[in-house]
């Protein structure tokens with residue numbers, strides 16, 4: 044298991060340390076470094092495997108230990124690169140004035156990736172150093188402090204990186220492992236799906252093929268057919284769009300896997316790697332891609348179950364709220380601002396009770412947001428957002444356009460919102476909040492729901508929908524959605540019959556009628572009916 048990764052001068056991270064756990068989910072916005080961390084581990088593993096092949100105890104090499112080994116860009120299969128310097132922070136491969144530390148300017152900037160891990164009760168650490176030689180080649184070796192026993196330190200560790208699924212070819216021949224690694228490094232794992240299936244099927248022990256087939260049947264209701272390659276120019280990988288009740292195919296057509304949906308292929312790819320590449324560490328980049336929300340949870344639970352059975356560590360980069368909320372907060376590495384484990388700096392006992400009220404997504408939102416808005420429901424939120432846009436209010440339009448943190452109280456007593464806010468303050472002490480109440484809580488004193496950092500605001504009218512009672516606005520709505528003149532005339536007649544004359548003459552005024560009337564339950568249903 045990998046417990047810590049420390050990188051220096053690797054892509055966006057000039058100097059960063061990542062604390063990991065048994066299974067860890069990397070969560071955060073786009074371009075925040077989640078994939079970069081997975082790539083760092085993959086690059087470290089590539090450097091280690093190349094070093095062991097050239098200098099390891101089984102290589103037969105008599106070269107001096109401290110001599111680095113070269114890796115060409117063609118052989119650099121961890122990630123796609125146009126030129127080697129793209130691995131380095133700011134593409135700078137030499138030390139600058141501010142980082143000389145006694146060395147001359149222009150001295151090679153050593154890109155370092157140090158991995159700490161555990162094997163049972165034993166803790167190990169191994170740093171690999173990379174030096175750029177040219178656009179086509181770099182050199183790699185273990186750091187001096189770890190030169191003695193890189194093989195012993197990482198014995199039993201195997202790392203597999205699975206990029207997001209990006210499509211599948213019409214045909215696929217048999218590829219050797221180095222070329223498969225190259226395709227994966229180029230972000231084309233879909234090009235080896237059939238190879239993975241064939242490898243699983245050809246294993247002497249058929250248990251893995253049976254398990255993979257059973258998973259596909261349970262998730263999709265499809266029957267995988269045995270892949271075929273002997274005597275063919277390409278691998279034949281097919282499935283039946285159903286599960287036969289008896290022997291044979293029961294009239295079901297055999298379809299090539301390329302004809303299936305992207306969700307099916309994404310799951311097939313993930314399970315193919317699981318069963319064809321037994322690994323102690325599996326790096327999954329957006330395994331939820333192409334999957335609807337229900338399937339995301341189902342597949343993630345299965346991946347964790349299979350990983351537990353195989354004693355495999357999962358490191359998952361995702362944007363999925365389903366995956367985040369399905370993971371214990373202490374197993375989430377947040378990439379909002381500086382990467383950090385959730386709750387790592389907070390006393391567990393202090394937040395244990397509040398955490399029962401919060402989802403992992405809410406904890407992440409609290410980290411990136413200055414405050415939280417409490418409203419009765421999604422309608423209130425959507426109306427506020429639309430009004431900010433229509434009125435051209437820059438500050439609030441920006442707030443609503445940048446994934447604001449809001450919470451629906453769903454008709455519960457306002458004290459529920461206050462309790463939720465207390466939980467947020469336990470996680471983020473400086474959190475601010477605004478609770479927006481409607482007429483249902485008109486007689487509730489503010490002091491019953493006020494709290495430090497939580498303000499209370501109220502609609503002047505009964506509720507948000509009460510501000511929609513404006514004949515001209517409703518008439519424009521009816522015309523815009525082409526409901527016809529009859530609808531408009533009938534609807535306006537309804538308003539004239541129901542509304543006091545003062546409201547008709549001045550719809551935007553302060554009217555006791557609208558302050559007492561729940562428009563969403565009376566006026567708007569009648570108008571639309």
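In the working numbering, the protein residues as written are 44 to 572.
Where a beta carbon is used, it is the ideal one built from N, C-alpha and C, also for glycine.
Contact the region 224 to 240 vs the region 271 to 284: 3+ CB pairs below 8 Å = Contact holds: three or more Cβ-Cβ distances are below 8 Å.
Smallest Cα separation from residue 70: which of 274, 253, 366, 332?
-> 366
Going by DSSP, what residues sit across from residue 53 in a beta bridge?
-> According to DSSP, residue 53 shares a beta bridge with 56, 131.
Roughly how many whole angstroms lie between the Cα atoms of residue 471 and residue 411?
-> 10 Å
In whole angstroms, what is the alpha-carbon distance linking residue 478 and residue 317?
-> About 47 Å.
How big is the Cα-Cα spacing for residue 243 and residue 251?
-> Computed Cα separation, rounded: 7 Å.
Since residue 449 contacts residue 481 with CB under 8 Å, what's their CB separation in whole angstroms?
-> Wrong, their Cβ atoms sit about 15 Å apart, outside the cutoff.
Looking only at C-alpha atoms, which of 269, 293, 335, 154 sits nearest to residue 174?
-> 154
According to DSSP, what are the bridge partners of residue 377?
-> 70, 383
Supposed close pair residue 418, residue 452 - CB separation, criterion 8 Å | 7 Å
Take residue 407 as the anchor and find which of 184, 428, 327, 382 has the nearest alpha-carbon.
-> 382
Under the rule that 16 or more other beta-carbon atoms within 10 Å means buried, what is residue 247, buried or exposed?
-> Around the Cβ of residue 247, a 10 Å sphere holds fewer than 16 other Cβ atoms; the residue is exposed.
Buried or exposed: which applies to residue 198, given that a residue is buried once 16 or more other Cβ atoms fall within 10 Å of its Cβ?
-> exposed
According to the neighbour-count rule (16 or more other Cβ atoms, all chains shown, within 10 Å of its Cβ), is residue 425 buried or exposed?
-> It counts as exposed.
Distance, residue 344 Cα to residue 368 Cα = 12 Å
Starting from residue 528 and walking both ways along the alpha helix (DSSP H), at which residues does that stretch end?
-> 528 to 541
Rounded C-alpha distance that separates residue 241 from residue 271 | 7 Å
Compute the beta-carbon to beta-carbon distance between residue 295 and residue 285, rounded to the nearest angstrom, for a pair I have assumed lies under 8 Å.
-> 5 Å
Counting pairs of Cβ atoms below 8 Å between the region 489 to 503 and the region 427 to 441, do you hit three or more?
-> no
Give me the Cα-Cα distance between residue 311 and residue 225, rounded to the nearest whole angstrom.
-> 20 Å
When you compare only the Cα positions, how much space is there between residue 468 and residue 461?
-> Whole-angstrom Cα-Cα distance: 10 Å.
Does DSSP put residue 339 in a helix, in a strand, or in coil?
-> helix
Where residue 356 falls: helix, strand or coil (DSSP) = strand
Is it buried or exposed for residue 150, if we count other Cβ within 10 angstroms and need 16 for buried?
-> exposed
For the alpha helix (DSSP H) containing residue 555, list its first residue and its last residue.
-> 555 to 559
Cβ-based neighbour list, residue 484, same chain, cut-off 7 Å, excluding 5 preceding and 5 following | Answer for residue 484: 457, listed in chain order.
Member of 358, 216, 553, 547 whose CA lies at the smallest distance from the CA of residue 327 | 358
Closest by CA to residue 117, which one among 89, 140, 111?
-> Relative to the Cα of residue 117, the nearest Cα in the group 89, 140, 111 belongs to 89.
Buried or exposed for residue 276, please, with buried defined as at least 16 other CB atoms from any protein chain shown within 10 angstroms of its CB.
-> exposed
Measure the C-alpha to C-alpha separation of residue 110 and residue 95 and round it to an integer number of angstroms.
-> 13 Å
Leaving out five residues before and five after residue 559 in sequence, what residues of the same chain have Cβ atoms less than 8 Å from its Cβ?
-> 482, 505
Which residues in the same chain have their Cβ closer than 6 Å to the Cβ of residue 299, if we skip the five residues on either side of it in sequence?
-> 281
Determine the closest residue to residue 308 out of 293, 338, 557, with distance taken between C-alpha atoms.
-> Ranking the options by Cα distance to residue 308, first place goes to 338.
Residue 179 (DSSP reduced to helix, strand or coil) | Reduced to three states, the DSSP call for residue 179 is coil.
Label residue 562 either buried or exposed according to how many other C-beta atoms from any shown protein chain fall within 10 Å of its C-beta, with 16 as the threshold for buried.
-> buried
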